[in-house]
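Position 132 of the sequence shown, counted from 1, bears residue number 132 in full-length UniProt numbering, the numbering being contiguous throughout. Every residue gets a Cβ at the ideal spot worked out from N, C-alpha and C, and that includes glycine. Report on the structure given below.
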Amino acid sequence: MASDAANCCASSKSDHTVIADVQSGVDRRHIAIDRVGIKDIRHPVRVSDRSGGEQHTVATFNMYVYLPHNFKGTHMSRFVAILNSHEREISVNSFKEMLTDMAQRLESKAGHIEMRFPFFVNKKAPVSGVESLLDYDVTFIGEIHNQHPTMAMKVVVPVTSLCPCSKEISAYGAHNQRSHVTVQVRTSDFVWIEEIIDLVEAQASCELFGLLKRPDEKYVTEHAYDNPKFVEDTVRDVAQCLNDDPRILSYIVESENFESIHNHSAYALIERDKTQTPHSST
Numbered sequence: 001m002a003s004d005a006a007n008c009c010a011s012s013k014s015d016h017t018v019i020a021d022v023q024s025g026v027d028r029r030h031i032a033i034d035r036v037g038i039k040d041i042r043h044p045v046r047v048s049d050r051s052g053g054e055q056h057t058v059a060t061f062n063m064y065v066y067l068p069h070n071f072k073g074t075h076m077s078r079f080v081a082i083l084n085s086h087e088r089e090i091s092v093n094s095f096k097e098m099l100t101d102m103a104q105r106l107e108s109k110a111g112h113i114e115m116r117f118p119f120f121v122n123k124k125a126p127v128s129g130v131e132s133l134l135d136y137d138v139t140f141i142g143e144i145h146n147q148h149p150t151m152a153m154k155v156v157v158p159v160t161s162l163c164p165c166s167k168e169i170s171a172y173g174a175h176n177q178r179s180h181v182t183v184q185v186r187t188s189d190f191v192w193i194e195e196i197i198d199l200v201e202a203q204a205s206c207e208l209f210g211l212l213k214r215p216d217e218k219y220v221t222e223h224a225y226d227n228p229k230f231v232e233d234t235v236r237d238v239a240q241c242l243n244d245d246p247r248i249l250s251y252i253v254e255s256e257n258f259e260s261i262h263n264h265s266a267y268a269l270i271e272r273d274k275t276q277t278p279h280s281s282t
């Protein structure tokens with residue numbers, strides 16, 4: 001009886017320690033999956049800013065890998081483990097390291113990571129000098145293929161746009177609206193988030209501020225009136241600045257004007273890969 005009891009205990013212990021790994025099983029449908037992983041997971045990060053400090057913020061991550069046709073599934077828990085192991089200052093280099101780490105640990109030839117977070121800039125009002133924070137929507141986008149990581153940065157910059165046509169035909173005043181200018185760039189060298197913000201705000205009818213006194217309101221109203229821009233003007237002016245920056249390899253510039261006199265938006269987009277031979281103009 002003692003021997004039977006010992007064998008029973010050993011069998012029970014073995015049953016509890018051997019757990020089937022279903023994800024690693026073979027799939028016989030012969031259909032690869034382009035992206036599989038986790039979406040909309042929030043995680044604290046630290047991001048460097050141009051002032052020499054760092055911002056503690058919360059980012060939303062999307063993390064995917066390529067899954068070959070013969071594998072049944074991927075190991076979802078490993079994505080979370082990768083995030084926890086990279087809880088430090090996020091930079092271009094560390095983001096690329098995360099991409100490489102993900103591809104290796106998930107045993108995949110290709111991967112994709114998006115990290116979206118709010119980024120704050122301390123701004124001074126143009127006349128009073130009163131300071132306030134303004135938030136910008138920033139996304140780091142990383143791709144890795146066959147151990148070669150690449151990265152792009154996307155920044156959404158809210159600005160003011162004033163309609164040139166309205167100014168021309170009106171006896172007084174002109175309609176204006178808040179606009180979102182979105183710039184996505186791939187670069188050959190380091191570019192600060194604030195550099196993209198500055199570039200866009202300089203091309204808008206007027207930039208935005210978190211806090212304005214009455215003299216500041218007068219200034220921004222008149223500045224926008226003196227600097228009218230169609231949505232087409234905005235994307236062209238931003239694109240010209242990106243064309244002139246040798247660090248920018250490719251870009252996408254979008255502008256959406258949330259029209260104040262219509263129930264729709266005005267929209268324009270320019271996309272260019274500066275590493276490719278440009279098409280002839282027509």
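Rounded straight-line distance, which links the Cα of residue j to that of residue i
| i | j | result |
| --- | --- | --- |
| L133 | K213 | 15 Å |
| H48 | S91 | The identity of residue 48 in the sequence shown is Ser, whereas the question assumes His. So the alpha carbons of these two residues sit roughly 7 Å apart. |
| D137 | I196 | 12 Å |
| Y267 | F230 | 10 Å |
| residue 285 | V156 | Since the first and last residues shown for the chain are 1 and 282, residue 285 lies out of range. |
| R236 | H262 | 23 Å |
| V159 | L208 | 6 Å |
| S94 | G210 | 31 Å |
| G111 | R35 | 8 Å |
| Q147 | V26 | 24 Å |
| L99 | S108 | 11 Å |
| Q276 | A202 | 28 Å |
| residue 318 | R29 | Since the first residue shown for the chain is 1 and the last is 282, residue 318 is missing from the structure and cannot be characterised. |
| I169 | T221 | 18 Å |
| A171 | D135 | 36 Å |
| C165 | K274 | 33 Å |
| A125 | P215 | 9 Å |
| Q104 | I82 | 11 Å |
| T139 | H175 | 31 Å |
| F190 | S250 | 14 Å |
One or two residues paired with residue i in a DSSP bridge
| i | result |
| --- | --- |
| V47 | Q55 and I90 |
| residue 287 | There is no way to answer for residue 287, as the model of the chain reaches only from 1 to 282. |
| residue 284 | Since the displayed the chain opens at 1 and closes at 282, residue 284 lies outside it and no answer follows. |
| P158 | H180 |
| Y136 | F119 |
| K124 | E131 |
| T187 | I248 |
| E207 | V159 |
| R28 | In the DSSP output, where bridge partners are listed per residue, R28 has none listed. |
| G173 | Answer by DSSP bridge pairing: none, since G173 is not bridged. |
| R42 | T60 |
| I261 | According to DSSP, which records beta bridges pairwise, I261 is partnered with nothing at all. |
| I19 | Beta-bridge pairing links I19 to no other residue. |
9 Å Cβ cutoff met for residue i and residue j
| i | j | result |
| --- | --- | --- |
| K167 | Y219 | no |
| residue 298 | E259 | An answer regarding residue 298 cannot be provided, because it is not within the stretch 1 to 282 covered by the chain. |
| V183 | L242 | yes |
| I144 | M115 | no |
| H69 | L106 | no |
| V65 | G37 | yes |
| F119 | Q55 | yes |
| N257 | S179 | yes |
| E217 | V121 | no |
| M153 | K96 | no |
| F71 | I41 | no |
Cβ distance (whole Å) where residue i is taken to contact residue j below 8 Å
| i | j | result |
| --- | --- | --- |
| S205 | N227 | 5 Å |
| V185 | I141 | The pair is not a contact, with the Cβ atoms about 10 Å apart (cut-off 8 Å). |
| A59 | H43 | 6 Å |
| F117 | T57 | 5 Å |
| W192 | R46 | No, W192 and R46 are not in contact; Cβ-Cβ is about 16 Å, not under 8 Å. |
Residue interval of the beta strand (DSSP E) (run including residue i)
| i | result |
| --- | --- |
| R272 | S265 to D273 |
| K72 | K72 -> no beta strand (DSSP E), and no H or E assigned at all. |
| E254 | I248 to F258 |
Span of the alpha helix (DSSP H), counted from its first residue to its last, around residue i
| i | result |
| --- | --- |
| P215 | R214 to Y225 |
| H85 | Correcting the residue identity first, residue 85 is Ser in this sequence and not His. Counting along the chain, the alpha helix (DSSP H) containing S85 begins and ends at M76 to S85. |
| L199 | I193 to Q203 |
| E232 | V231 to D244 |
| I169 | P164 to I169 |
The ligand FMN heavy atom lying under 8 Å from the CB of residue i
| i | result |
| --- | --- |
| E254 | Absent from the structure shown: the ligand FMN. Ligands present: none. |
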